[in-house]
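Letter 30 of the sequence shown, counting from 1, is numbered 29 in numbering that gives the first Met the number 0, and no numbers are missing. A quick write-up on the structure given underneath.
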Amino acid sequence: MEFGSNVTVVEPCNLYECKIGDSSFIGPFVEIQSKVVVGNHCRVQSHTFICSNVTLGNYCFIGHGVTFTNDLFRKGSPSAEENDWLPTIIENNVSIGSGVTLLPVKIIEGCVIGAGSVVTKNLKIKGIYAGNPAKLIRKL
Numbered sequence: 000m001e002f003g004s005n006v007t008v009v010e011p012c013n014l015y016e017c018k019i020g021d022s023s024f025i026g027p028f029v030e031i032q033s034k035v036v037v038g039n040h041c042r043v044q045s046h047t048f049i050c051s052n053v054t055l056g057n058y059c060f061i062g063h064g065v066t067f068t069n070d071l072f073r074k075g076s077p078s079a080e081e082n083d084w085l086p087t088i089i090e091n092n093v094s095i096g097s098g099v100t101l102l103p104v105k106i107i108e109g110c111v112i113g114a115g116s117v118v119t120k121n122l123k124i125k126g127i128y129a130g131n132p133a134k135l136i137r138k139l
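Below, the structure written as structure tokens:
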């Protein structure tokens, strides 16, 4: 694990071979797996699961109970092969509401994802997204 300066981690947490940037906050009951990079000034709220191959930009907010995925179960079951796991890239200043589920996607800078949404595709337009699947509600 690699921590920047002024990082706050509220235990209990499971953190594995990840990088947490300066002045970031990790709430209790969070799991962050290997090959995850959390940028500077991020806030990850309680009960969130961040799987391998996720990159969070700077100034991101991740609400309570957010679930990131990296395996699309292409063979009908989970893959133990890391080569099958796909990346998720969250650019700077993204806010993700509580209870959101994200498939392996890229979300551009400045997006807001409404609580309970399911993000199944890349979000290429800066805006507010909500629903299952998440759709653009309003451009920002």
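A virtual CB, placed ideally from N, CA and C, is assigned to each residue, including glycine.
- Positions of the alpha helix (DSSP H) runs, each at least 4 residues long and wholly inside the region 53-123, cannot be given because no such run exists.
- The beta carbons of A114 and G62 sit closer together than 9 Å.
- Apart from the 5 residues on each side of it in sequence, S94 sits with its Cβ closer than 6 Å to the Cβ of F60, V111 in its chain, given in chain order.
- Beta-bridge annotation (DSSP): A133 is not paired with any residue.
- The straight-line gap separating the alpha-carbon atoms of T100 and F67 is approximately 6 Å.
- Cα atoms of K125 and L135: separation of roughly 9 Å, rounded to the nearest angstrom.
- Spanning the alpha carbons of T7 and I25 requires a straight line of approximately 6 Å.
- The beta carbons of N52 and W84 sit about 5 Å from each other, so the pair counts as a contact at 8 Å.
- Residue environment analysis places N69 among the buried positions, since at least 16 neighbouring C-beta atoms fall within 10 angstroms of its C-beta.
- In the DSSP assignment, T7 forms a beta bridge with F24.
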